[in-house]
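Numbers 786 to 936, taken from my numbering, label the letters of the sequence shown in order. Beta carbons: idealized from backbone N, C-alpha and C, even for Gly. Below: the structure, in structure tokens.
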Amino acid sequence: MIVVSANENEKKHSISLFTKASEYVKPKKLLADSQYSAVNLRETALKSRALPVIPYPRNQQVGIRGILRVDRKFRSHGHQKFRRAYRKRVAVERVFSRLKNLAGLTQHNLRGIAKVTFHSQLCALIMLLTAQAAINTNNQAKARSIRYFAN
786 MIVVSANENE KKHSISLFTK ASEYVKPKKL LADSQYSAVN LRETALKSRA
836 LPVIPYPRNQ QVGIRGILRV DRKFRSHGHQ KFRRAYRKRV AVERVFSRLK
886 NLAGLTQHNL RGIAKVTFHS QLCALIMLLT AQAAINTNNQ AKARSIRYFA
936 N
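So this is what it looks like as structure tokens:
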């Protein structure tokens, strides 16, 4: 986990984060928004033997057919293999949404990167422990419900 100030662009840290994560997990695919469309990130993914599933923005790769793109209505276009993989990115977005809204990452009174990093790690741990509690109690339907196990 990398925590930086809110005014920094996430794209700057994407390569170092992917490289660090690749030391522990061997990813098959790298899913990202078109915001992360950069040659060096795609090359880093390919060096790690991961398929980069990153849509190209309208101003990149103009006139080339068959590459992954997302239009203004958030519909994906391109090869079917890339479109299927890109749809799975929504699941990751749901996790971040839960972290922000239910675990309290949007409303905190912390100052300093160290405190915010620790708070973010605790929020991620809460989500993992909630899923584990649901499995242990044979109640998998509540694996995503932090509030169910909070009482």
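- If you draw a straight line from the Cα of Thr804 to the Cα of Lys814, it is about 13 Å long.
- Boundaries of the beta strand (DSSP E) around Lys814: Lys814 to Leu816.
- Here Leu836 is bridged, per DSSP, to Lys814.
- For Ile920, the number of other beta carbons within 10 angstroms of its own is below 16, and it is reported as exposed.
- The C-beta of Ser882 has fewer than 16 other C-beta atoms within 10 Å across all chains shown, which makes the residue exposed.
- Of the candidates Gly851, Glu808 and Val855, Val855 places its Cα closest to the Cα of Arg843.
- With a cutoff of 8 Å on beta-carbon distance, Ala870 and Val838 are scored as near each other.
- Here the alpha carbon of Glu878 sits roughly 17 Å from the alpha carbon of Gln906.
- Here His862 carries a strand assignment [DSSP, helix/strand/coil].
- The Cβ neighbour count for Ile931, taken over all protein chains shown within 10 Å, is at least 16; the residue is labelled buried.
- DSSP, read as helix, strand or coil, puts Val877 in helix.
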